[in-house]
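K.L.:
Let me begin by handing over the structure; questions about it come next.
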Amino acid sequence: MFAILKLGGSILCDKNIPYSINWENLENIAIEIKEAIEYYKSKNEEFKLIIVHGGGSFGHPVAKKYLKDGKFEDMEKGYWEIQKAMRKFNNIVIEELQNFEIPAVSIQASSFITFDNDSNLHFDTNTIEKMLDKRLIPVIHGDIVIDEKTDNFKIFSGDHALPFLSKKLNPDLSLHASDVDGVWDLNFKIIENINSKNIEDVLKSLKPSNKEDVTGGMHLKVMECYNLGIKTIIFNGNKKRNIYNALLKNVKGTLIN
Numbered sequence: 001m002f003a004i005l006k007l008g009g010s011i012l013c014d015k016n017i018p019y020s021i022n023w024e025n026l027e028n029i030a031i032e033i034k035e036a037i038e039y040y041k042s043k044n045e046e047f048k049l050i051i052v053h054g055g056g057s058f059g060h061p062v063a064k065k066y067l068k069d070g071k072f073e074d075m076e077k078g079y080w081e082i083q084k085a086m087r088k089f090n091n092i093v094i095e096e097l098q099n100f101e102i103p104a105v106s107i108q109a110s111s112f113i114t115f116d117n118d119s120n121l122h123f124d125t126n127t128i129e130k131m132l133d134k135r136l137i138p139v140i141h142g143d144i145v146i147d148e149k150t151d152n153f154k155i156f157s158g159d160h161a162l163p164f165l166s167k168k169l170n171p172d173l174s175l176h177a178s179d180v181d182g183v184w185d186l187n188f189k190i191i192e193n194i195n196s197k198n199i200e201d202v203l204k205s206l207k208p209s210n211k212e213d214v215t216g217g218m219h220l221k222v223m224e225c226y227n228l229g230i231k232t233i234i235f236n237g238n239k240k241r242n243i244y245n246a247l248l249k250n251v252k253g254t255l256i257n
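Written out as structure tokens, the structure reads:
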């Protein structure tokens, strides 16, 4: 079993309160990941996991401060400020995972990832793959990176990381733990399946997030995950047992294929 799990910033903290942490959720997530590890161990099945988390109440407010008319300014200072905020957040997440003896290790995107002149990610996954071979759990976070096309900077979000890693590494499951039960339609019902028949209508119906989110919200999640060729599920990470159930391929949400 090989899964890539994206933990939305909205389930780890309150985006309206800078530098906040939802400690109860974080602890529950750690417990359920540990239980999933033990489940596969009891079945003598290999279990590999990559965790991705967003900027939450750490990265977003700082990034927004340096974003002027669609471009980042004063980045001689701002690049480090955004890095520092995300390092702090990432350390908190990893320390909690380590408290439950989960072998989590940090991957800092801003130190080696860029967007090239064609807006494609330049992202060498060799280190991540070797970590997985050594039974480590890489934890990569949203960050600020250099954008060669605009000769400026760009947010590398968790919603970029998950589809890229899914395409490159071909996991069994690609999982988005969000703060909603899935993707809602215009009648406030969960869309159980997004595919070629309804993708255009779904994207049109999605509105920008009104939170401090500079990465694109649900629209980007759906767009980036569509047509990966990998089972991708958006589900509610706030609900207890959902992380565990998702890692066991048994969670309710929106399936994108």
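So the sequence shown is residues 1 to 257, counted in UniProt numbering.
C-beta: ideal position from N, C-alpha, C; glycine also.
Tell me the start and end of each unbroken alpha helix (DSSP H) in the stretch 21-79 that is at least 4 residues and wholly inside, in chain order.
P.N.:
Correct list: 23-42 and 56-66.
K.L.:
Please go through the same chain and pick out, in chain order, the residues whose beta-carbon is closer than 6 Å to the beta-carbon of I230, but skip the five residues on each side of it.
P.N.:
As a working mapping, residue 230 is identified with position 230 in the sequence shown. S166 and S174.
K.L.:
Can you find at least 3 beta carbon pairs, one from the stretch 138-146 and one from the stretch 87-94, that sit closer than 8 Å?
P.N.:
Yes, since at least three Cβ pairs between the stretch 138-146 and the stretch 87-94 fall closer than 8 Å, the two stretches touch.
K.L.:
According to the Cβ coordinates, are G9 and G54 closer than 7 Å?
P.N.:
Counting from one through the sequence shown, the residue named residue 9 turns up at place 9. Counting from one through the sequence shown, the residue named residue 54 turns up at place 54. Contact: yes.
K.L.:
May I ask you to report which of helix, strand or coil DSSP gives I191?
P.N.:
For this step, residue 191 is matched to residue 191 along the sequence shown. Correct three-state label for I191: coil.
K.L.:
Considering Cα atoms alone, identify which of Q108, G253, K77 and I256 is closest to G158.
P.N.:
In the sequence shown, counting from the first residue as 1, residue 158 sits at position 158. It is Q108.
K.L.:
Per DSSP, what are the beta-bridge partners of S174 in this structure?
P.N.:
Residue 174 sits at position 174 when you count from the first residue of the sequence shown. Beta-bridge pairing links S174 to I4 and T232.
K.L.:
Based on the DSSP output, what are the partners of H122 in its beta bridges?
P.N.:
Taking the first residue of the sequence shown as position 1, residue 122 is located at position 122. DSSP lists T114 as partners of H122.
K.L.:
From the DSSP output, in three-state form, read off F89 for me.
P.N.:
Numbered from its first residue, the sequence shown carries residue 89 at position 89. Here F89 sits in helix by DSSP.
K.L.:
Thinking just about the alpha-carbon of each residue, which of A36, A30, F153 and F164 is nearest to the one in T125?
P.N.:
Sequence index remark: in the sequence shown, residue 125 carries index 125 (1-based). Answer by Cα proximity: F164.
K.L.:
How close, in whole Å, do the beta carbons of F2 and D172 come, if the pair is a contact with beta carbons under 8 Å?
P.N.:
Residue 2 sits at position 2 when you count from the first residue of the sequence shown. Residue 172 sits at position 172 when you count from the first residue of the sequence shown. Contact flag correct, Cβ pair sits at about 5 Å.
K.L.:
Contact defined as beta carbons within less than 8 Å: I believe V105 pairs with L136. What is the distance between those atoms, to the nearest angstrom?
P.N.:
Position 105 of the sequence shown, counted from the start, is the residue given in the question as residue 105. Position 136 of the sequence shown, counted from the start, is the residue given in the question as residue 136. Contact flag correct, Cβ pair sits at about 5 Å.
K.L.:
CA-CA distance, E200 and F100?
P.N.:
In the sequence shown, residue 200 corresponds to position 200, counting from 1. In the sequence shown, residue 100 corresponds to position 100, counting from 1. Roughly 42 Å separates the two Cα atoms.
K.L.:
For residue 275, count the other beta carbons within 10 Å of its own beta carbon; 16 or more makes it buried, fewer makes it exposed. Which is it?
P.N.:
Because the chain spans 1 through 257 in this model, residue 275 falls outside it and cannot be assessed.
K.L.:
Just confirm the distance between the C-beta atoms of residue 261 and S119, as a whole number of angstroms; I'd bet it's less than 8 Å.
P.N.:
Nothing about residue 261 can be read from this structure; the chain reaches only from 1 to 257.
K.L.:
Mapping DSSP to helix, strand and coil, what is V145?
P.N.:
One-based indexing of the sequence shown puts residue 145 at position 145. Three-state result, V145: strand.
K.L.:
Identify whether T254 lies in helix, strand or coil by the three-state DSSP scheme.
P.N.:
Sequence index remark: in the sequence shown, residue 254 carries index 254 (1-based). It is a strand residue.
K.L.:
Check whether the stretch 237-245 and the stretch 183-195 are in contact - that is, three or more C-beta pairs closer than 8 Å.
P.N.:
The answer is no - the stretch 183-195 does not touch the stretch 237-245, with fewer than three Cβ pairs under 8 Å.
K.L.:
Buried or exposed for S57, going by 16 or more other Cβ atoms inside 10 Å?
P.N.:
Within the sequence shown, numbered from 1, the residue matching residue 57 stands at position 57. With 16 or more Cβ atoms within 10 Å of its Cβ, S57 is classed as buried.
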